[in-house]
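Peer 1: One structure is given below, represented as structure tokens, and several questions about it will come after.
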Amino acid sequence: MRNIERTLNDLPPIALDLGTIAIAVLAALLLHGVTFRLLRRFAARTPGSVDDVYVDQAWRPARWILVAIALAGVRKPLRLPDRWDDLWTQVAGLVVPLLMGWFAIAMIRGSVKAIEIATDITVADNLRARRRRTRSAILGRIAIIGVGFITICLMLLSIPSIRSVGVTLMASAGLAGLAVGAAAQPALKNIIAGIQMAFTEPIRIDDVVIIENEWGRIEEIRLTYVVVALWDERRLVVPVSKFLEESFQNWTRRTSGLLGSAFFWLDPTANIPRLRARFEEVVRAEPLWDGRAFVLQVTDTKPDAIEVRILATATDAARAFDLRCALREAMLAYIRDEMPEALPRRRVAMDTERQDRPAVV
């Protein structure tokens, strides 16, 4: 022991300080590794994967927070010159708010992912799940922006030179605010619209919409824009304000169930009761039909044809489209094979008396 003490006393102060810092960092990393290993085991034994998300999100920021706490704990024993001590204080004023903001943002992202895991939008009746997922996504991004802004402010306040010019900045804040507001009016408009959308909910994740004459599903809702996945795998990027200022169709606003329709032009002499009976057989045998309703009606008449409309219900827009195609094909095949007389024909009336009458010379 005496030999060790003599060896330590013979070492230069900077070597002792570096050794103390290294031991503190290693202890913090060891504590972090043991703690999160226990947390992962505990999370693996609990049902569900929500707690796993929080552990994964907290792993990185927690490691550096523990290192910062360890360095703060060994600061007093260190024999630092005044110049290095001031630098240590300056760096700590920047790093501590940065680490706390990083941890807060990680927890916000973990909460958003946890809500996504807990809300399944693949089920048939997914209105509540889509509502929760949409609101969490928008509010999560707003919270991240707010935490980031507060973090930057705290970091800047730790710099004395910036604090000293605070009065000057406040004096010019009015003119600067007007200039920035005028320049960023479109962006601010979309941000405010995004906040409004989080509460009014004109659209939600996985909603089926028609906008810009395009059919698609809401794939992402960002703070300033919305991504619509179109039926042909294209992506339509739309400003958020467009959904609040202009009209669009939302096919899944209240429920995902829809009516699918198809039209036929047939001869006026077509046997409608026979067609209706066949249509009922086809609908009841079709697995895409959800069992709610179906009907066949004559909806319009022309001199040479009648318009027949068929309706059937499906659980969602994709199934409704496929159901319409299947019913249209089945009915056309039946009319072609079993009722060809129902196909429209053009009739021409000939005046035989006028044709037989001799011409007057």
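Under the numbering used here, think of the first position of the sequence shown as -5, with each following residue one higher. Glycine residues also receive a C-beta, built at the ideal position from the N, C-alpha and C atoms.
1. Kindly indicate which three-state DSSP category residue 335 falls into: helix, strand or coil?
2. Run the CB neighbour count on residue 306, radius 10 Å, all protein chains shown included, and call it buried at 16 or more, exposed below.
3. Less than 8 Å separating the beta-carbons of residue 338 and residue 260?
4. Is it the case that the segment 183 to 198 contacts the segment 131 to 146, given that we only count it when at least three CB pairs across the two stretches are under 8 Å?
5. If we count the other Cβ atoms within 10 Å of its Cβ and call it buried at 16 or more, is residue 146 buried or exposed?
6. Label residue 251 either buried or exposed according to how many other C-beta atoms from any shown protein chain fall within 10 Å of its C-beta, with 16 as the threshold for buried.
7. With distances taken from CA atoms, which of 47, 39 and 292 is nearest residue 112?
8. What is the rounded straight-line gap between the Cα of residue 151 and the Cα of residue 62?
9. Can you tell which of 219, 318, 228 and 123 has the C-alpha that lies nearest to the C-alpha of residue 209?
10. How big is the Cα-Cα spacing for residue 17 and residue 109?
11. Checking 8 Å against the spacing of the C-beta atoms, do residue 254 and residue 317 come in under that value?
12. Go ahead and pull the three-state DSSP assignment for residue 233.
13. Do you know whose CA, among 66, 140, 115 and 37, lies nearest residue 95's CA?
14. Classify residue 220: buried if its beta carbon has 16 or more other beta carbons within 10 angstroms, exposed otherwise.
15. Considering Cα atoms alone, identify which of 269, 97, 226 and 127 is closest to residue 332.
16. What three-state label does DSSP hand residue 251 in the structure shown?
17. Any idea which residues DSSP pairs residue 292 with across the strands?
18. For residue 314 and residue 321, what's the separation of their Cα atoms in angstroms?
19. Contact check, residue 64 vs residue 22 under 8 Å by CB: the rounded distance?
20. Label residue 153 either buried or exposed according to how many other C-beta atoms from any shown protein chain fall within 10 Å of its C-beta, with 16 as the threshold for buried.
21. If we ignore side chains and look at the alpha-carbon of each, how far apart do residue 299 and residue 263 end up?
22. Just tell me which of 335, 278 and 258 has its CA closest to the CA of residue 323.
23. Do residue 234 and residue 203 have their CB atoms nearer than 8 Å?
24. How about residue 217 and residue 185: are their beta carbons less than 8 Å apart?
Peer 2: This is what the structure holds:
1. Reduced to three states, the DSSP call for residue 335 is helix.
2. Result: buried.
3. Contact: yes.
4. Yes, the segment 131 to 146 is in contact with the segment 183 to 198.
5. In summary, residue 146 is exposed, with fewer than 16 beta-carbon neighbours lying within 10 Å of its beta-carbon over all protein chains present.
6. Here residue 251 is buried. Its C-beta has 16 or more other C-beta atoms within 10 Å.
7. Of all alpha-carbon atoms in 47, 39 and 292, the one lying nearest the alpha-carbon of residue 112 is that of 47.
8. About 19 Å.
9. Of 219, 318, 228 and 123, the residue nearest in Cα terms is 228.
10. Their backbone Cα atoms lie some 40 Å apart in a straight line.
11. Their beta carbons are under 8 Å apart, which means residue 254 touches residue 317 by this criterion.
12. Reduced to three states, the DSSP call for residue 233 is strand.
13. Nearest of 66, 140, 115 and 37 to residue 95, Cα basis: 140.
14. A residue is called buried when at least 16 other Cβ atoms come within 10 angstroms of its Cβ; residue 220 meets this threshold and is buried.
15. The shortest Cα separation from residue 332 among 269, 97, 226 and 127 belongs to 269.
16. Residue state, collapsed to three classes: coil.
17. Beta-bridge pairing links residue 292 to 302.
18. One C-alpha to the other measures close to 10 Å.
19. Their Cβ separation, rounded to whole angstroms, is 4 Å, which keeps residue 64 and residue 22 in contact under 8 Å.
20. With fewer than 16 other Cβ atoms within 10 Å, it is exposed.
21. Linking residue 299 to residue 263 through their CA atoms gives a straight-line distance of about 9 Å.
22. Looking at the Cα atoms, 258 is the closest of the given residues.
23. No, these two residues do not count as a Cβ contact at 8 Å.
24. It is a contact, given that the beta carbons lie within the stated cut-off.
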